[in-house]
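*Asks:* Quick one: the structure is below, and I'll ask about it shortly.
In my numbering, the protein residues as written are 169 to 516.
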């Protein structure tokens, strides 16, 4: 009896473990491969030493030299996310992002922007959303985001086709896989996006103001923009581990004159890289536990318990059978006496 009870318990626990293994693999794992609604604010800092840049102070534009620091923050807008409907409901988050570029010598602000956009929870790619906006000069303006903005998809691959949105050209262009690179013991995929002599999208009145101050006599022109953007992505999570941007901008008048207004190489600081590695490693471990090791471990445990329970149940039943009396001998004393009398009669 005792072995049958133990066998039943073990078999039940085994089945339960198998159910949990399936739950991890088919319910928890897909959920883990999505951006959480309570995602903590992220902050990345990049520095550009010996940069040449344009600075506007009191309405006057000048070209300066020095070290720059860029700080980008991204966080979830829970109120806007809760109001998403249609295909976006449950599948997207609303992010509020922003950047400040400051001089390191006096902390003066050189450039800033803020923005709001909807991103897919699995791919991290920008989604079509009517309320997205971008503010680069004190006024929110409509913008159409596309491609990757602040991260790559969960499960980034070497041969995947990815486009990164560029805020200066207001469009997304391809990022090509270069090679796998190990950063602080973490494997990353290096992707490079090259933007060459594109026109920065600026209001005409702003371009005219810059021309009037930096190229006297010029009335029409444009800002040429080039950028070699390199991102090192942790493939399982799609997180940026390291980012480098080699940016150049020239203010060019229609008569051919030009002035360099930006020549800077921004690179993530060591502290930002270290924090990115720690975060990605932790998130990757969570993904592996939910999608691989957890289901495997529970599956193996479930099978072992179920088999052990089944064996105990079988052995318990086998031990009981030999000690069982035949049905005709299970009666009371009265029936036994009657059977004996019948036997005697039969002998006569």
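In this text, a Cβ means the ideal position worked out from N, Cα and C, and glycines have one as well.
List the residues that DSSP assigns as beta-bridge partners of residue 208.
*Replies:* Residue mapping note: residue 208 aligns to position 40 of the chain shown, counting from 1. DSSP lists no bridge partner for residue 208.
*Asks:* Considering just the uninterrupted stretch of the alpha helix (DSSP H) at residue 248, what are its terminal residues?
*Replies:* Start at 1 with the first residue of the chain shown, and residue 248 comes out as number 80. Segment 246 to 250, the alpha helix (DSSP H) holding residue 248.
*Asks:* Check for me: the alpha helix (DSSP H) holding residue 372 runs from which residue to which?
*Replies:* Along the chain shown, one-based indexing puts residue 372 at 204. 372 to 382 is the span of the alpha helix (DSSP H), which, as asked, contains residue 372.
*Asks:* For a test of the three-state rule: what should DSSP assign to residue 274, helix, strand or coil?
*Replies:* Within the chain shown, residue 274 is the residue found at index 106, counting from 1. Coil, per DSSP.
*Asks:* List the residues that DSSP assigns as beta-bridge partners of residue 221.
*Replies:* Numbered from 1 along the chain shown, position 53 holds the residue referred to as residue 221. Bridge partners of residue 221: 232 and 430.
*Asks:* Count the other C-beta atoms from every protein chain shown that fall within 10 angstroms of the C-beta of residue 403, then say buried if there are 16 or more, exposed otherwise.
*Replies:* As a first step, residue 403 is located in the chain shown; it is residue number 235 there, counting from the start. Buried is the call here.
*Asks:* Spatial neighbours of residue 386 within its chain, please: C-beta separation below 6 Å, excluding the five flanking residues on both sides.
*Replies:* Your numbering for residue 386 matches position 218 in the chain shown. Sequence-distant partners of residue 386 (beyond 5 residues in either direction) whose C-beta falls short of 6 Å from its own C-beta, in its chain, are 379 and 421.
*Asks:* Going by Cα to Cα distance, which pick from 221, 211, 273 and 203 is closest to residue 261?
*Replies:* Taking the chain shown and counting its residues from 1, the one referred to as residue 261 is at position 93. Selected option, being the one with the closest Cα: 203.
*Asks:* For residue 276, I'd like the list of residues in its chain whose CB is within less than 8 Å of its CB, leaving aside the five on either flank, ordered along the chain.
*Replies:* Against the chain shown, residue 276 aligns to sequence position 108. 223, 225 and 270, listed in sequence order.
*Asks:* If you follow the beta strand (DSSP E) that residue 393 is part of, which residue opens it and which one closes it?
*Replies:* Position 225 of the chain shown, counted from the start, is the residue given in the question as residue 393. Note, residue 393: beta strand (DSSP E), 389 to 402.
*Asks:* Tell me whether the region 392 to 402 and the region 349 to 364 touch, counting them as touching only if at least three CB pairs, one residue from each stretch, are closer than 8 Å.
*Replies:* Touching, per the Cβ criterion.
*Asks:* Can you tell me the Cα-Cα spacing of residue 196 and residue 256, whole angstroms?
*Replies:* Here residue 196 refers to the residue found at position 28 when the chain shown is read from its first residue. Here residue 256 refers to the residue found at position 88 when the chain shown is read from its first residue. At residue 196, the pLDDT of 49 sits below 50, so the modelled position is not reliable; the number obtained from the coordinates is stated separately. Each residue's alpha carbon lies about 21 Å from the other.
*Asks:* Bridge partners for residue 410 per DSSP, in chain order?
*Replies:* Working through the chain shown from its first residue, we reach residue 410 at position 242. 400, per the DSSP bridge assignment.
*Asks:* Whose C-beta lies closer than 6 Å to the C-beta of residue 308 among residues of the same chain, with five residues either side of it excluded?
*Replies:* Taking the first residue of the chain shown as position 1, residue 308 is located at position 140. Answer for residue 308: 301, listed in chain order.
*Asks:* Among the residues of its own chain, which have a CB less than 7 Å from the CB of residue 517, if the five just before and after it don't count?
*Replies:* Outside the shown range of the chain (169 to 516) lies residue 517, about which nothing can therefore be said.
*Asks:* Could you check the C-alpha separation between residue 207 and residue 246 for me, to the nearest Å?
*Replies:* Residue numbering aside, residue 207 sits at position 39 when the chain shown is read from its first letter. Residue numbering aside, residue 246 sits at position 78 when the chain shown is read from its first letter. Roughly 10 Å separates the two Cα atoms.
*Asks:* Taking 6 Å as the limit between beta carbons, can you name the residues of its chain near residue 436, skipping five residues before and five after?
*Replies:* Taking the chain shown and counting its residues from 1, one reaches residue 436 at position 268. Cβ neighbours of residue 436 beyond the five flanking positions: 214, 410 and 411.
*Asks:* Assign residue 494 to buried or exposed, taking buried as 16 or more other Cβ atoms, counted over all protein chains shown, within 10 Å of its Cβ.
*Replies:* The sequence position of residue 494 within the chain shown is 326, counting from 1. Any reading at residue 494 is ruled out, since the residue's pLDDT is 44, under 50, leaving its predicted position unreliable.
*Asks:* Does the pairing of the region 284 to 293 with the region 367 to 375 give three or more beta-carbon distances under 8 Å?
*Replies:* no
*Asks:* Given a cut-off of 8 Å on the beta-carbon distance, is the pair residue 451 and residue 418 in contact?
*Replies:* If you number the chain shown from 1, residue 451 lands on position 283. If you number the chain shown from 1, residue 418 lands on position 250. No, the pair does not count as a contact, with Cβ atoms beyond the cut-off.
*Asks:* Helix, strand or coil for residue 326 per DSSP?
*Replies:* Within the chain shown, residue 326 is the residue found at index 158, counting from 1. In the structure shown, residue 326 sits in coil (DSSP, three-state: anything other than H, G, I, E or B).
*Asks:* Suppose contacts are defined by Cβ-Cβ distances below 8 Å. Is residue 339 in contact with residue 407 by that definition?
*Replies:* Mapped onto the chain shown, residue 339 falls at position 171. Mapped onto the chain shown, residue 407 falls at position 239. For residue 339 and residue 407, no; Cβs fall outside 8 Å.
*Asks:* For residue 424, which option in 443, 431, 442 and 383 has the closest C-alpha, if you only look at C-alpha atoms?
*Replies:* On the chain shown, residue 424 is found 256 positions in, with the first residue counted as 1. The option with the nearest alpha carbon to residue 424 is 383.
*Asks:* How would you label residue 353, buried or exposed, when you count the other beta carbons within 10 angstroms and need 16 or more for buried?
*Replies:* Within the chain shown, residue 353 is the residue found at index 185, counting from 1. Exposed, since its Cβ has fewer than 16 Cβ neighbours within 10 Å.
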